[in-house]
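Note sheet for the following structure.
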Amino acid sequence: MSERPEEPNAAPDEESLLPIDEHIEEGHDDEGRKVRHRGVYLLPNLFTTANLFAGFYAIINAMNGNFYVAAATVFVAMVLDGLDGRVARLTNTQSAFGAEYDSLSDMVAFGVAPALLAFEWALGSMGKVGWMVAFIYVAGAALRLARFNTQIGTTDKRYFIGLASPAAAGVVAGTVWAFSDFGIQGSNMAFGVAVLVAAAGMLMVSNIKYYSFKDLDLKGRVPFVAILAVVLLFAVVFSDPPRILLIMFLAYAASGPLQYLLQLRRRKSVK
């Protein structure tokens, strides 16, 4: 037989007695035969749930005018988002359910939360133009995540096609965090924020390549000086988190277009 259930005593189509259906996911064993897995992996999905909660908490704080807390929480969501995928790979607990759940959580944490944060802080003073710009960002994040899911396994994992949604969220949330920390009113720089938010949304759906850092070997040995560099990086970031993080994410967002322009220049010089 080419298919065998993971739990032979349970009928595949048996009606569940629980008010919530059990999740059943098909996969393949080491011999290539189809198997049916019941339930979901707990550990990576705990990090994904924490990521979702961080996004929701950022939205609540943005609506209450706590922009400093809301922006910082978006960065916490980035850390949790990076952990769930790596934990799943290290523990061999990847699943289709986890991938879809991660994308939905990212949509809240890196799509809706930064857009609402920017709208509440600055874009709201622009009226309809403000919420249209915020929607451009939200739509860009949704399209970026949908395209990413359809390109898994078909593109070079060393590069992202378009600005990744966490990086775009870092640009938007970092801007709000850095300037609101100085007591600056967002309405005083609404036009600049609108340009930045719209640009981040457009970069997410662009075909510009960004380095993904996925080819870094975190399990292998590294020179001792690499640990010192990491310690120095932490010290620099924590010396002034709002400004340093904003500079880092702005530099990363600008690296794609700059690299694209350099490639165009090389092609023209060759001709």
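Residues 84 to 354 (our numbering) are what the sequence shown spells out, left to right.
Beta carbons are placed, not taken as given, at the ideal position from N, Cα and C, and that holds for glycine.
Report the option in the options whose CA atom is closest to the CA atom of residue i.
i           : options               : result
residue 129 : 141, 164 and 146      : 164
residue 254 : 146, 337, 222 and 329 : 329
residue 281 : 202, 141, 162 and 152 : 202
residue 216 : 233, 230, 234 and 194 : 194
residue 154 : 166, 199, 131 and 167 : 199
residue 196 : 174, 341 and 158      : 158
residue 141 : 313, 265 and 259      : 259
residue 131 : 295, 311 and 162      : 162
residue 240 : 219, 220, 299 and 279 : 299
residue 264 : 305, 145, 146 and 151 : 151
Taking the alpha-carbon positions, what's the residue i to residue j distance?
i           : j           : result
residue 184 : residue 291 : 26 Å
residue 180 : residue 186 : 10 Å
residue 211 : residue 172 : 44 Å
residue 205 : residue 188 : 25 Å
residue 326 : residue 283 : 18 Å
residue 324 : residue 353 : 43 Å
residue 339 : residue 319 : 24 Å
residue 143 : residue 149 : 9 Å
residue 218 : residue 310 : 41 Å
Please work out which residues of its chain come closer than 6 Å, Cβ to Cβ, to residue i, disregarding the five sequence neighbours upstream and downstream, and give them in chain order.
i           : result
residue 286 : 246
residue 160 : 134, 137, 138 and 192
residue 84  : Low confidence applies here, because residue 84 scores a pLDDT of 43, under 50, leaving its location unreliable; read the following figure in that light. Nothing listed; no residue qualifies.
residue 127 : 167, 170, 171, 176 and 181
Tell me which residues share the same chain as residue i and place their Cβ nearer than 8 Å to its Cβ, disregarding the 5 neighbours each side in the sequence.
i           : result
residue 262 : 269 and 272
residue 277 : 205, 206, 209, 212, 213 and 216
residue 332 : 250, 253, 254 and 257
residue 230 : 244, 245 and 288
Skipping 5 residues on each side, what residues in its chain have a beta carbon closer than 7 Å to that of residue i?
i           : result
residue 288 : 223, 226, 227 and 245
residue 190 : 224, 225 and 228
Can you tell me where the alpha helix (DSSP H) holding residue i begins and where it ends?
i           : result
residue 142 : 125-146
residue 351 : 324-353
residue 211 : 211-233
residue 262 : 248-263
Looking at the secondary structure, which residues open and close the beta strand (DSSP E) in which residue i lies?
i           : result
residue 243 : 242-244
In the segment 283-323, which residue ranges form an unbroken alpha helix (DSSP H) of at least 4 residues, counting only runs that do not cross its ends?
307-322
Whole alpha helix (DSSP H) runs in the segment 167-200 with 4 or more residues, listed along the chain?
179-189
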